[in-house]
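What follows is a short report on a single structure.
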Amino acid sequence: GQNIDQPTEMTATEGAIVQINCTYQTSGFNGLFWYQQHAGEAPTFLSYNVLDGLEEKGRFSSFLSRSKGYSYLLLKELQMKDSASYLCAVNTGGGNKLTFGTGTQLKVEL
Amino acid sequence: DAGVIQSPRHEVTEMGQEVTLRCKPISGHDYLFWYRQTMMRGLELLIYFNNNVPIDDSGMPEDRFSAKMPNASFSTLKIQPSEPRDSAVYFCASSSGLAGGSQDEQFFGPGTRLTVL
Chain D
1 GQNIDQPTEM TATEGAIVQI NCTYQTSGFN GLFWYQQHAG EAPTFLSYNV LDGLEEKGRF
61 SSFLSRSKGY SYLLLKELQM KDSASYLCAV NTGGGNKLTF GTGTQLKVEL
Chain F
111 DAGVIQSPRH EVTEMGQEVT LRCKPISGHD YLFWYRQTMM RGLELLIYFN NNVPIDDSGM
171 PEDRFSAKMP NASFSTLKIQ PSEPRDSAVY FCASSSGLAG GSQDEQFFGP GTRLTVL
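Chains as they are written, first to last, in the working numbering: chain D, 1 to 110; chain F, 111 to 227.
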């Protein structure tokens with residue numbers, strides 16, 4: 001089976017840095033995605049990792065360690081609009097099939 | 111491009127009724143996905159198509175669910191008969207397939223919020 005774990009909730013302060021972790025145990029691995037989902041809206045793509053290491057995109061960075069089955073999403077200079085659910089998803093092989101974690105609800109406070 | 115289009119946005123129906131959800135993918139995208147999202151189970155893949163052909167329907171919960179893609183610009187997800195436990199948000203997504211599939215970003219539609227009474 002496929003198992004993807006993320007913390008359920010996190011709270012952070014505006015302007016701070018937060019790291020959202022994701023661990024996975026899947027039957028196949030063909031890349032890991034992070035999506036952001038605001039309440040009542042559709043998920044939107046944030047990042048993609050397939051090789052070990054850090055990918056940086058503005059205030060957002062994503063890290064992958066395939067040997068450890070581990071990824072994190074790093075959000076810097078937090079803003080109130082970053083309050084959302086962050087979904088970790090693994091491409092388990094076979095075209096573009098994604099298995100999603102249940103998401104981490106991030107609340108940014110003043 | 112208008113993005114992925116789904117209709118209806120909200121659907122309220124009674125148990126036992128047939129429900130049909132509709133999706134128009136982004137023009138030129140080769141992959142189309144149907145997902146269901148609930149608080150308890152998160153976002154689950156139900157079925158996906160490549161070039162209008164169903165590739166993996168292992169996530170379809172039972173025979174009451176069926177999906178079709180008669181052409182590259184239209185897909186339907188049908189539930190017959192519907193049950194209260196089918197209440198969820200149903201998302202359709204599409205991706206281009208240009209990067210060979212595995213690293214392609216999926217673009218999600220706004221979703222259909224289904225309530226079965």
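Where is the CB? At the ideal position from N, CA and C, for every residue including glycine.
Residue i beta carbon near the ligand COA (any heavy atom closer than 7 Å)
{"i": "Pro43/D", "result": "The ligand COA is absent from the structure shown, which contains no ligand whatsoever."}
Between the CA atoms of residue j and residue i - distance to the nearest angstrom
{"i": "Tyr86/D", "j": "Glu128/F", "result": "33 Å"}
{"i": "Ala198/F", "j": "Ile17/D", "result": "33 Å"}
{"i": "Gly111/D", "j": "Asp166/F", "result": "Any answer about residue 111/D is impossible in this case: the structure gives chain D only from 1 up to 110."}
{"i": "Asp5/D", "j": "Ala112/F", "result": "34 Å"}
{"i": "Ser168/F", "j": "Leu110/D", "result": "44 Å"}
{"i": "Ile136/F", "j": "Leu224/F", "result": "23 Å"}
{"i": "Met170/F", "j": "Val108/D", "result": "36 Å"}
{"i": "Ser192/F", "j": "Pro118/F", "result": "16 Å"}
{"i": "Gly69/D", "j": "Tyr24/D", "result": "5 Å"}
{"i": "Ser67/D", "j": "Cys202/F", "result": "32 Å"}
{"i": "Leu54/D", "j": "Phe63/D", "result": "4 Å"}
{"i": "Phe33/D", "j": "Asp214/F", "result": "10 Å"}
{"i": "Phe184/F", "j": "Thr148/F", "result": "24 Å"}
{"i": "Gln19/D", "j": "Tyr72/D", "result": "6 Å"}
{"i": "Tyr48/D", "j": "Gln2/D", "result": "19 Å"}
{"i": "Lys178/F", "j": "Ala39/D", "result": "29 Å"}
{"i": "Ala182/F", "j": "Thr13/D", "result": "45 Å"}
{"i": "Ser206/F", "j": "Thr92/D", "result": "18 Å"}
{"i": "Arg59/D", "j": "Lys76/D", "result": "5 Å"}
Closer than 8 Å to chain D by CB, residue i
{"i": "Glu215/F", "result": "yes"}
{"i": "Asp167/F", "result": "no"}
{"i": "Gly138/F", "result": "no"}
{"i": "Asn162/F", "result": "no"}
{"i": "Pro118/F", "result": "no"}
{"i": "Pro180/F", "result": "no"}
{"i": "Leu285/F", "result": "Residue 285/F falls outside the range modelled here, since chain F spans only 111 to 227, and no answer is possible."}
{"i": "Tyr141/F", "result": "yes"}
{"i": "Leu153/F", "result": "yes"}
{"i": "Ser197/F", "result": "no"}
{"i": "Phe201/F", "result": "yes"}
{"i": "Ser260/F", "result": "Residue 260/F falls outside the range modelled here, since chain F spans only 111 to 227, and no answer is possible."}
{"i": "Pro90/F", "result": "Outside the displayed span of chain F (111 to 227) sits residue 90/F, for which this structure offers no information."}
{"i": "Pro220/F", "result": "yes"}
{"i": "Ser183/F", "result": "no"}
{"i": "Ser205/F", "result": "yes"}
Test: residue i CB closer than 8 Å to a CB of chain F
{"i": "Gly101/D", "result": "yes"}
{"i": "Tyr48/D", "result": "yes"}
{"i": "Pro7/D", "result": "no"}
8 Å Cβ cutoff met for residue i and residue j
{"i": "Ser65/D", "j": "Leu74/D", "result": "no"}
{"i": "Thr102/D", "j": "Glu9/D", "result": "no"}
{"i": "Glu124/F", "j": "Leu187/F", "result": "no"}
{"i": "Val90/D", "j": "Thr44/D", "result": "no"}
{"i": "Phe100/D", "j": "Gly152/F", "result": "yes"}
{"i": "Cys133/F", "j": "Val163/F", "result": "no"}
{"i": "Leu46/D", "j": "Gln37/D", "result": "no"}
{"i": "Leu51/D", "j": "Leu155/F", "result": "no"}
{"i": "Asn96/D", "j": "Tyr145/F", "result": "no"}
{"i": "Ala186/D", "j": "Pro180/F", "result": "The question about residue 186/D has no answer, for chain D in this structure spans 1 to 110."}
{"i": "Leu78/D", "j": "Gly15/D", "result": "yes"}
Short CB-CB distance (under 8 Å) between residue i and chain C
{"i": "Glu124/F", "result": "Structure shown: chain C not included; protein chains present are D and F."}
Practice task
Let me know the beta strand (DSSP E) ranges lying completely inside the region 150-223 of chain F, each 3 residues or longer, listed in chain order.
Solution key: 152-160, 163-166, 175-181, 184-189 and 198-205
Practice task
Below 9 Å between beta carbons is the criterion; list the residues of the region 83-99 of chain D that meet it against any residue of chain F, in chain order.
Solution key: Result list: Leu87, Ala89, Asn91, Gly93, Gly94, Gly95, Asn96, Lys97, Leu98 and Thr99.
Handout entry: Under 9 Å (Cβ pairs) to chain F, residues found in the region 26-38 of chain D
Key = Asn30, Gly31, Phe33, Tyr35 and Gln37
Handout entry: Positions along the region 41-66 of chain D whose CB lies within less than 8 Å of some CB in chain F
Key = Glu41, Ala42, Pro43, Thr44, Phe45, Tyr48 and Val50
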